[in-house]
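J.: Dumping the structure here so I can ask a few things about it.
Number of protein chains: 2
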Amino acid sequence: MTATETTPFADNGVNVDALLQAREALTAMPEAARFEWRARCEWIRGTHSRTTVHGFSGLGAEHTHRQAFAFEGDHPEVFASEDNGATPAEMVLAALGACLTAGVAAVATRRGVQLRSVVAHVEGDMDLQGILGIDADVRNGYSGIRVRYEIDADAPRAELEAIIAQSQKRSAVYDAVTNPTNVSVELA
Amino acid sequence: MTATETTPFADNGVNVDALLQAREALTAMPEAARFEWRARCEWIRGTHSRTTVHGFSGLGAEHTHRQAFAFEGDHPEVFASEDNGATPAEMVLAALGACLTAGVAAVATRRGVQLRSVVAHVEGDMDLQGILGIDADVRNGYSGIRVRYEIDADAPRAELEAIIAQSQKRSAVYDAVTNPTNVSVELA
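Each protein sequence line maps, in turn, to chains L and H.
Throughout, the working numbering is defined as the position within the first sequence, counted from one, plus 10.
Throughout, the working numbering is defined as the position within the second sequence, counted from one, plus 10.
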């Protein structure tokens, strides 16, 4: 029996067959799996910037999104800034929530679980004594992040928990946040 | 002599005096430096989600941004998705660029360097053999990220490099990406 015969069908809008075909194709041609994601951040004024995302490379070719996506970044008024956008720290939480949630939808579909609604509440603790340089023992980033899922679906709690666990296991952003990544910063 | 007397004035739109006052105030009252940033990610369909950022806590109180900021997340058409938003991986690059760029503006102002334009080109390498589960030795996240700054300012190259270095040293997102953070994920 194949997985298709044993797994009930769920339409969550994820094309799981295409993902499985991609996995097969990239197993045979691993160099095509190398992607480069890009963002261009332009300073506007003060702490306000606009970052656009458009082109990327992968599958041995250059690609562009259907349209450019823009992110306004700024600091809030309590930091004497103009609050023209989310803080960069909040963008990290947005990235984490979006990544895990796409994974939940993909894994649920693969397992035949029909989703009705999924909401992730993401919270991160940050002690500003770090970024303000008050206490060298306090880190600049998050001391911890919590993600709490509310899921309405036709599946028992244990199955939903297993879906969330599998999403974590394959999440690019969960990995990027929980494990160190080398970042080089230089002047052109 | 104070720094104000020795440092030339630069108007980059950053209120450095307010930041210095905040540092002084939070040194005296460290519990007020504890912030909680939040994001609410709602699944739309397929890999498409919408994350909103609005409230946060800090300075011992609840706050809201002047408006809610929304982020559309999705996967591109080459992954058989609808490309309704940036990938979560790209959001991480946007967060990093926005954080370092706000820092560049703040540090430059503190050092009396007038900025004319600042652009950060952020690139991240990701081998999809990780997230597709093809090769367990390939990580899900970025194998490396590069940030390249183009800065037009009234300062010698060495001073701009020092500003970039100081921005890294105090960046919340640079820390979050380069160092591990504990993330808990649970079903409500």
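For each residue, glycine too, the CB sits at the ideal point set by N, CA and C.
Starting from G9 (chain H), follow its DSSP beta bridges and name the residues at the other end.
T.: Past the edges of chain H, shown from 11 to 198, lies residue 9 (chain H), and the structure says nothing about it.
J.: State whether the segment 159-170 of chain H contacts the segment 178-187 of chain L, with contact taken as three or more CB pairs (one from each stretch) at a distance under 8 Å.
T.: Too few Cβ pairs lie closer than 8 Å, so no.
J.: Please specify which runs of the alpha helix (DSSP H), each continuous and at least 4 residues long, are wholly inside the segment 29-94 of chain H, giving them in chain order.
T.: You should have found no qualifying run.
J.: Can you tell me whether A35 (chain H) sits near the ligand GTP, meaning its C-beta is under 6 Å from at least one heavy atom of the ligand?
T.: What this structure holds is no ligand at all, so the ligand GTP is not there to describe.
J.: Report all residues from its chain with a CB closer than 7 Å to the CB of T12 (chain L); omit the five preceding and five following residues, and keep chain order.
T.: Because the pLDDT of T12 (chain L) is 48, which lies under 50, any placement of that residue in the model is unreliable, and the number read from its coordinates should be weighed accordingly. If we look at T12 (chain L) and ignore the five residues flanking it on each side, it has no Cβ neighbours.
J.: Using three-state DSSP, classify S181 (chain L) as helix, strand or coil.
T.: The answer is coil: DSSP assigns S181 (chain L) none of H, G, I, E or B.
J.: Distance cutoff 7 Å, beta carbons only. Does E41 (chain L) sit that close to anything in chain H?
T.: Judged by the 7 Å Cβ criterion, E41 (chain L) is not in contact with chain H.
J.: If we define contact as Cβ-Cβ less than 7 Å, is I173 (chain H) a contact residue for chain L?
T.: No, no contact with chain L.
J.: Between H:L36, H:A20 and H:D21, which lies nearest to I144 (chain L) when the distance is taken from Cα to Cα?
T.: Comparing Cα-Cα distances from I144 (chain L) to each of H:L36, H:A20 and H:D21, the minimum goes to H:L36.
J.: Along the chain, where does the beta strand (DSSP E) that runs through A195 (chain L) open and close?
T.: The sequence as given places Val at residue 195 (chain L); Ala does not occur at that position. Start and end: V193 to L197.
J.: Let's test the definition: count the other Cβ atoms within 10 Å of the Cβ of Q77 (chain L) and tell me whether it reaches 16, buried, or not, exposed.
T.: Classification of Q77 (chain L): exposed, given that the 10 Å Cβ count is below 16.
J.: Tell me, to the nearest whole angstrom, how far the beta carbon of A2 (chain H) is from that of V187 (chain L); I am working on the premise that it is less than 8 Å.
T.: Since the displayed chain H opens at 11 and closes at 198, residue 2 (chain H) lies outside it and no answer follows.
J.: For the segment 55-65 of chain L and the segment 83-99 of chain L, state whether three or more C-beta atom pairs, one from each stretch, are separated by less than 8 Å.
T.: These segments touch.
J.: Between E100 (chain H) and A49 (chain L), which are expected to be in contact by the criterion C-beta below 8 Å, what is the C-beta distance as a whole number of angstroms?
T.: So it is a contact: roughly 6 Å between Cβ atoms.
J.: Using only the alpha-carbon positions, how far apart do G56 (chain H) and E82 (chain L) sit?
T.: About 25 Å.
J.: Tell me whether Q178 (chain H) is buried or exposed, calling it buried when 16 or more other Cβ atoms sit within 10 Å of its Cβ.
T.: Counting Cβ neighbours within 10 Å, Q178 (chain H) comes out buried, since at least 16 surround it.
J.: Just grab the DSSP bridge partners of I161 (chain H) for me.
T.: In DSSP, I161 (chain H) forms a bridge with H:V128.
J.: So for A20 (chain H), helix, strand or coil by DSSP?
T.: In the structure shown, A20 (chain H) sits in coil (DSSP, three-state: anything other than H, G, I, E or B).
J.: Can you tell me whether F19 (chain H) is buried or exposed, with buried defined as 16 or more other CB within 10 angstroms of its CB?
T.: Per the 10 Å Cβ criterion, exposed.
J.: Under 7 Å between the Cβ atoms of I173 (chain L) and A118 (chain L)?
T.: Yes, they are a contact pair.
J.: I'd like to know whether the C-beta atoms of M136 (chain H) and F45 (chain L) end up nearer to each other than 7 Å.
T.: Cβ atoms of M136 (chain H) and F45 (chain L): closer than 7 Å.
J.: How would you list, in chain order, the residues of chain L whose beta-carbon sits under 9 Å from the beta-carbon of A20 (chain H)?
T.: In chain order: nothing, as chain L lies at least about 12 Å away.
J.: Using only CA atoms, which one of L:D27, L:Y152 and L:A115 lies nearest to W47 (chain H)?
T.: Answer by Cα proximity: L:Y152.
J.: Is there at least one Cβ from chain H nearer than 7 Å to A198 (chain L)'s Cβ?
T.: Cβ-Cβ to chain H under 7 Å: yes for A198 (chain L).
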